[in-house]
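One structure is given below, encoded as structure tokens.
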């Protein structure tokens, strides 16, 4: 019985050692791929803020300003599906009585604010749209982001580059170590969506007097982690 136990234990130890050795005979690498392209779409976030002594007055003034901005956007050819209002808020304005610190603060007015998010599909009109929106009541500018309407072709190209990079790295490591690269054991993908890159393209200037805008480029990056066996 004792011999059988020892024999079983020896078999288990040998199997574990074999698995560990198999795991050691692998090459793990990470490849990256990046593709850059000129953007064909922009998203701008504008804010409208109005202050008045009464809450109703502040809300009315804000609504009128937002309505003017929306009307101008429609006149410039921006479709309703590309315009969204969000983050409507109303808050009191409190007095700051420094002369008498013991006196409680009082409400001296109200501030109403709203944001308008606009998707611009015609970049040549971006400067004019910004200028018109600011003229008609947008008094806060909360951001401008360039992107591509169809990122999948860029992602596919970046993925292919990432895999090629990983295979190339694995081949170099195998050659340097004097071994033969075996089949792929696993592939894991990571990556990111379209993002702006520092290098700027030519200035996309609108008509004279409009806001100048530099579109630059956007890039899509993908990373893959690959594990290869080492061939016998």
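Residue numbers (the numbering used here): 1 to 232. Note that beta-carbon positions come from the ideal geometry of N, C-alpha and C, so glycine has one too. As the structure is a computational prediction, the values presented were derived from the model and not from experiment.
Let me know the secondary structure DSSP gives residue i once reduced to three states.
i, result
"residue 218", "strand"
"residue 26", "strand"
"residue 231", "strand"
"residue 78", "coil"
"residue 37", "strand"
"residue 62", "helix"
"residue 138", "coil"
"residue 149", "coil"
"residue 203", "Residue confidence is low: residue 203 scores 37 on pLDDT, short of 50, so the model does not pin down where it sits. Its coordinate-derived value is still stated next. Of the three classes helix, strand and coil, the one that applies to residue 203 here is strand, per DSSP."
Bridge partners for residue i per DSSP, in chain order?
i, result
"residue 144", "44"
"residue 129", "Residue 129 is not bridged to any residue."
"residue 52", "110"
"residue 187", "226"
"residue 31", "224"
"residue 180", "231"
Hey, could you find the ends of the alpha helix (DSSP H) residue i is sitting in?
i, result
"residue 87", "Not the alpha helix (DSSP H): residue 87 falls in the beta strand (DSSP E), residues 83-94."
"residue 167", "152-177"
At which residues does the beta strand (DSSP E) containing residue i begin and terminate?
i, result
"residue 111", "107-120"
Return the Cβ separation of residue i and residue j in integer angstroms, given the expectation that the two are a contact with Cβ distance under 8 Å.
i, j, result
"residue 37", "residue 163", "Actually they do not touch by this definition, with Cβ atoms about 20 Å apart."
"residue 181", "residue 231", "7 Å"
"residue 137", "residue 69", "5 Å"
"residue 120", "residue 126", "5 Å"
"residue 166", "residue 30", "7 Å"
Please determine whether the Cβ atom of residue i lies at a distance below 7 Å from any heavy atom of the ligand SAH.
i, result
"residue 72", "Ligands are entirely absent from the displayed structure, and the ligand SAH is therefore not among its contents."
Is the region 128-144 close to the region 45-56, with three or more CB pairs under 8 Å?
-> yes
Between the region 75-94 and the region 105-112, are three or more C-beta pairs nearer than 8 Å?
-> The region 75-94, when compared against the region 105-112, does touch it at the 8 Å Cβ threshold.
Should the region 165-181 be regarded as contacting the region 74-88, the criterion being three or more beta carbon pairs within less than 8 Å?
-> no
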